[in-house]
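Which chain is which? The protein sequence lines are A and B, in order. Per the numbering used here, the first sequence starts with residue -16, numbered consecutively. Per the numbering used here, the second sequence starts with residue -16, numbered consecutively. Note that CB positions come from ideal geometry on N, CA and C, so glycine has one too. Please read these numbers as outputs of a predicted model, since none were measured by experiment. Here the structure comes first, spelled out in structure tokens, and everything after it is commentary.
There are 2 protein chains.
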Amino acid sequence: MATIEEVARAAGVSTATVSRALREQSGVSERTRQRVRTVAEELDYSISRSASGLATGRTRRIGVLVPYVSRWFFGQVLAGAEEVLRSAGYDLMLYVVGDREGRERFFRELPVRRSVDAVLVLTLSLREREADRLRELGVPLGFVGGRMDGFNSVWIDDYGGGMLAVRHLLNQGHRDIALIHGGAPDSLNLPAPHERCTAFRDAMAEYGVPVRESWLCTGDFSVSGGRRAMNRILADELRPTAVFAMSDEMAFGALHALRDHKLSVPREMVIVGFDGHEMAECSGLSTVVQPVHEEGAAAARLLLEQLEQGGAETRDVVLPTELVVRSSTTGHDSM
Amino acid sequence: MATIEEVARAAGVSTATVSRALREQSGVSERTRQRVRTVAEELDYSISRSASGLATGRTRRIGVLVPYVSRWFFGQVLAGAEEVLRSAGYDLMLYVVGDREGRERFFRELPVRRSVDAVLVLTLSLREREADRLRELGVPLGFVGGRMDGFNSVWIDDYGGGMLAVRHLLNQGHRDIALIHGGAPDSLNLPAPHERCTAFRDAMAEYGVPVRESWLCTGDFSVSGGRRAMNRILADELRPTAVFAMSDEMAFGALHALRDHKLSVPREMVIVGFDGHEMAECSGLSTVVQPVHEEGAAAARLLLEQLEQGGAETRDVVLPTELVVRSSTTGHDSM
DNA sequence: TATGACAACGCAAGCGTTTGCAATCAAGGC
DNA sequence: GCCTTGATTGCAAACGCTTGCGTTGTCATA
């Protein structure tokens, strides 16, 4: 594989000139630049990232932390970030730290040390000790759905979204409303679930509706968890007429439980989810849609911006949510 | 950030000794090794991957190509691979090349050149030109669900799995069977879909049952595609009694279409999917389960093996599938 | 005591880039 | 014709690590 040295020799210039020519730096005549480009092309030259990294101290690599990669939501966020990073010419190093052991190991060994220019933390809330470790890295950090002082972050308005969902139910006249939440506090320790819970209570209070504690169940943010939660709710002596599931996947599980119980949606039970999962449309699930893909993309853009302009000023970007009403909360019975 | 030089000075040895001590190489007394370890720890030393990579030519990084990351199946495979690579101390560089433009760009620019020790290609079938480009890299390659001469690959028996599914329907007495396939040839150009199609035809032939072409529809491997496919099938003048969907996600879409049409499953229509999607259980969907996670993991293991033992012999590993029967094809009507 | 073997360690030459600084050169102004 | 200026280029010293080879020291053997 050709080195810069060979390109230089073949083009009849020094390696310094090759370097400058290929990196679009000034101080090279257009004629020379063209020649270098041609020769590099012919020799199929490609720069050694290691050498370049050693010389400059920059790697053109971004570390991305994500709790899971096999769940729809995280996959979407990751996809958004990847797209932006890739087209900016950065490589993405993936670290999946959802399991306890993997997470501990990551923060203990810190494999990103000296090998990335920045770190993107996707939907993961850091403990103080973990945050400190990341700060030690001395590189820009970016967050989605979590935050840290002095760093960029991207959010959605979870509280507002929760309000949208619950008010939607209340406005339809429902007063007996159950909540399937993620589990308290969920293992990722994110603020989002908490916000949505608070929204639930606030919206109920706003309408002067009491919250029945036995209708609050954890669904573990999974389909099967949502199903179990719905079953538990249905096992209560009183039956609600509506459910707010804090994630679409839990809502899907709940829908299955309802079907098992031969309860018709929306006639006998109304349900609204949160996320805008791709399957929500097919399932006719009303849901609060959040721009998952864009969340990852926006965070990546913020990070790159900071990286390239070296700007110290950081921002919090809040992305909008939107209630999409489908047959699970309205219209004639279709399920 | 401490360099090897500083560690050496602090430990009163040369950098060569530090290097050897920390890399567990021979030629260092146990006493010295311990001292070096301690000092390195104290100074919070961490090796510069760039420098190490430059000196050795090895990066301890693996490039992973995957068409999508936001779909369940790909996420699972990726997760399996990540787990294995991470615990072997390798970093994973992710390249999502599902879109045409991204794919072309990847093979044109080949960003992994000189910056990974090996490449893992997940559920992506390469065109000849693309394969050549990867071969040029001169590093070990591994495949999941695709193959290339002279390299490791991991498979499932798609043909056998398809047979399991279709025979299951035939054995229940069904003769009017529709097929929702992925689209021909699907954009990823994988052999798996083709195999499953062939299995469908072969199984039908085996039972002497004719295939009705208007019952063969493409579902694009997506939920909404599956729904559209089912609708098209139901629009035919004749109605089948059973459907084989080549992926669970398409089967979910089909189930929704059936519900829209007020057709009861399994009484009026029986359906079997393929994949073992996490939602299949909740949906009561019979399906051919494949060990998604393990497919990625196995491929990663093969790759590491080759990388570390330098063995030139490569292997094809075929993982088993299993038919899981649920209420969508049997028992009393529950949907 | 001299000799050889062997273990432990250091020297220094890479690995392939980048970049500050000096050198060269052409052009323009006096 | 000389000097200044600015553009273009090359020199060479980093960057931080690895590793072949040589040196030193220890110990057993002849």
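Decide if residue i is buried, meaning its Cβ has at least 16 other Cβ atoms within 10 Å, or exposed.
i	result
B:Q319	Here chain B has residues from -16 to 318 only, and residue 319 of chain B is not among them.
B:T312	buried
B:Q292	exposed
B:D141	buried
A:E178	buried
A:E113	buried
A:E84	exposed
B:D100	buried
A:V194	exposed
A:P303	exposed
A:Q273	buried
B:M321	The question about residue 321 of chain B has no answer here: the residues shown for chain B are numbered -16 through 318.
A:G279	buried
A:R69	buried
A:D27	exposed
A:L268	buried
I think residue i touches residue j, with their Cβ atoms under 8 Å apart; what is that distance to the nearest whole Å?
i	j	result
A:F257	A:D219	Contact flag wrong, Cβ pair sits at about 22 Å.
B:H239	A:S207	That belief does not hold up - the Cβ atoms of B:H239 and A:S207 are roughly 20 Å apart, past 8 Å.
A:V122	A:V137	Rounded, the Cβ-Cβ distance is 18 Å, inconsistent with contact.
A:T0	A:I(-13)	Not a contact, Cβ separation roughly 10 Å.
B:M213	B:I163	7 Å
B:V104	A:L61	About 19 Å; that fails the 8 Å criterion.
B:V79	A:E65	5 Å
A:L120	A:L109	A:L120 to A:L109, Cβ: 13 Å. No contact.
A:R3	A:G(-5)	The pair is not a contact, with the Cβ atoms about 15 Å apart (cut-off 8 Å).
Counting only C-beta atoms, is residue i closer than 8 Å to chain B at any point?
i	result
A:H244	no
A:A34	yes
A:Q59	yes
A:G166	no
A:C265	yes
A:E251	no
A:R284	no
A:G191	no
A:D316	Bear in mind that the predicted position of A:D316 carries a pLDDT of just 46, short of 50, making it unreliable; the figure below should be weighed with that in mind. No, A:D316 does not count as interfacial toward chain B.
A:L37	yes
Helix, strand or coil for residue i, going by three-state DSSP, please let me know.
i	result
B:Y78	strand
B:D159	coil
A:H177	helix
B:E296	coil
B:E7	coil
B:T39	helix
A:S317	In this prediction, A:S317 scores a pLDDT of 43, lower than 50, which makes its location untrustworthy; the coordinate-derived value is nonetheless stated afterwards. A:S317: coil per DSSP, three-state reduction.
B:H164	strand
B:F57	helix
A:L238	helix
B:V1	helix
A:A62	helix
A:G129	coil
B:R91	helix
A:L209	The residue you asked about is not Leu; residue 209 of chain A is Gly in the sequence shown. Three-state DSSP puts A:G209 in a helix.
B:G202	coil
Between residue i and chain A, is any beta-carbon pair separated by less than 8 Å?
i	result
B:V248	no
B:D231	no
B:F204	no
B:G85	yes
B:G256	no
B:T207	Strictly speaking, residue 207 of chain B in this sequence is Ser, with Thr absent from that position. Yes, B:S207 lies at the interface with chain A (some Cβ there is under 8 Å from its Cβ).
B:G259	no
B:L241	no
B:D74	yes
B:E65	yes
B:V307	no
B:F227	no
B:A62	yes
B:M(-16)	yes
Would you list, in chain order, the members of the segment 89 to 102 of chain A that have their beta-carbon closer than 8 Å to a beta-carbon of chain B? L93, P94, R96, R97, S98
Residues of the segment 103 to 126 of chain A whose Cβ lies closer than 7 Å to any Cβ of chain B, in chain order: none
Closer than 9 Å, Cβ to any Cβ of chain A: which residues of the segment -6 to 26 of chain B, in chain order? none
Near-chain B residues of the segment 123 to 153 of chain A (beta-carbon distance less than 7 Å), N- to C-terminal order: none
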